[in-house]
Amino acid sequence: MCTTFIVYALMYNMEKLSGSLYWNMAIMGASRWIINILVSIADYRFAWFGRKMINQIAMIATLLSLFAMAVHAYFGSRGGIIISIGTISTVATCSQLFIAKYLMVNELYPTAVRNLAVSAVSTMSRFGNMFSAQAFYLSDIAEWIPYALLFSCQLYDFIILSVFLPETKGVHLENHLPPKHKRIFGRRT
1 MCTTFIVYAL
11 MYNMEKLSGS
21 LYWNMAIMGA
31 SRWIINILVS
41 IADYRFAWFG
51 RKMINQIAMI
61 ATLLSLFAMA
71 VHAYFGSRGG
81 IIISIGTIST
91 VATCSQLFIA
101 KYLMVNELYP
111 TAVRNLAVSA
121 VSTMSRFGNM
131 FSAQAFYLSD
141 IAEWIPYALL
151 FSCQLYDFII
161 LSVFLPETKG
171 VHLENHLPPK
181 HKRIFGRRT
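Counting from 1, one number per residue, gives the positions in the sequence shown under the UniProt record's numbering.
So, in structure tokens, the structure goes:
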């Protein structure tokens with residue numbers, strides 16, 4: 001939900017970027033392609049470069065971009081190169097978050113609930129898309145608030161991922177649910 005919220009909020013706000021909308025979209029597409037190729041090469045070559053690390057690196061890059069945009073807007077600067085570069089880099093790195101999160105969902109859950117988990121992620125993604133169109137209406141209060149909101153969503157997502165989700169690369173895919181004695185609510189089911 002957080003990644004979709006961030007990407008679509010920034011995409012709905014593309015008219016505020018300096019320069020041509022078409023050039024900005026072309027640069028964004030090329031940036032996404034380059035990032036995806038580099039990450040796929042690193043994922044293939046390095047065993048230690050897993051899904052969790054991909055997520056964490058992309059989230060840190062996104063956090064830095066959103067923080068720079070929030071500070072830029074807080075000090076009263078409108079438009080400019082900081083907002084353009086920040087938006088393009090944030091959307092480009094978030095494309096990797098979509099890929100890595102869906103991979104983690106597919107590798108994390110047993111076959112019996114994998115489709116349910118993917119549908120839950122897709123549903124939450126739609127909620128993020130619904131609310132993202134409203135995010136930049138907060139700029140009527142202060143120009144920096146939408147960027148601070150996006151930053152806080154990404155920070156929340158980063159903390160939850162880092163603390164609770166394990167690395168899934170190279171882990172054997174489960175084909176069955178855990179036995180009753182290993183389930184969280186095993187005695188009640």
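Virtual Cβ for every residue (Gly too), placed ideally from N, Cα, C. What you are looking at is a predicted structure, and each value in this text was computed from that prediction instead of being measured.
Exercise for review: Would you kindly work out how many angstroms separate the C-alpha atoms of Leu97 and Lys180, rounded to a whole number?
Suggested key: 33 Å
Practice item. Throw me the rounded Cβ distance for the Ser121 and Tyr109 pair, which I believe falls under 8 Å. Key: According to the sequence shown, residue 121 is Val rather than Ser. About 10 Å separates the beta carbon of Val121 from that of Tyr109, a gap too long to meet the 8 Å contact definition.
Check your understanding: Between Met53 and the ligand GDP, is the CB less than 6 Å from at least one heavy atom?
Key -> Looking at this structure, you won't find the ligand GDP or any other ligand, since it has none at all.
Point to revise | alpha helix (DSSP H) runs contained entirely in the stretch 22 to 76, provided each spans 4 or more residues | key: 51 to 74
Practice item. Below 8 Å on the Cβ atoms is my guess for Gln154 versus Thr62; work out the distance and round it to an integer in Å. Key: Contact holds; Cβ gap of about 5 Å.
Exercise for review: Return yes when the Cβ of Ser65 is within less than 7 Å of the Cβ of Ser89, no when it is not.
Suggested key: yes
Review point. Alpha carbon to alpha carbon, how far is residue 191 from Glu15?
Key: The question about residue 191 has no answer, for the chain in this structure spans 1 to 189.
Practice item. Using the Cα positions of His72 and Leu21, report the straight-line distance between them to the nearest angstrom. Key: If I take the Cα positions, the gap works out to 21 Å.
**Study point:** Ala148 beta carbon less than 7 Å from that of Ala26
**Key:** no
Exercise for review: Check the C-beta distance from Ala9 over to Ser84 and give it rounded, since I have them as a contact under 8 Å.
Suggested key: Incorrect: roughly 16 Å between the Cβ atoms, too far for contact.
Practice item. Ignore the nearest five residues each way along the sequence and tell me which others in Val171's own chain have a CB closer than 7 Å to its CB. Key: Glu107
Practice item. Under 6 Å Cβ to Cβ from Phe158, same chain only, skipping five residues before and after it: list those, please. Key: Met59
**Study point:** Proximal residues to Tyr167 (C-beta, below 6 Å), its chain only, five neighbours per side dropped
**Key:** Checking the displayed sequence, the identity of residue 167 turns out to be Glu instead of Tyr. Cβ neighbours of Glu167 beyond the five flanking positions: Gly50, Lys52.
Review point. DSSP on Ile6, reduced to helix/strand/coil?
Key: helix
Exercise for review: Verify whether the separation of the beta carbon atoms of Ala100 and Asn129 is less than 7 Å.
Suggested key: In this structure, Asn129 does not lie closer than 7 Å to Ala100 by Cβ.
Check your understanding: Could you give the residue range of the alpha helix (DSSP H) that holds Gln96?
Key -> That run of the alpha helix (DSSP H) goes 80 to 108.
**Study point:** Continuous alpha helix (DSSP H) stretch holding Pro146: start and end
**Key:** 145 to 164
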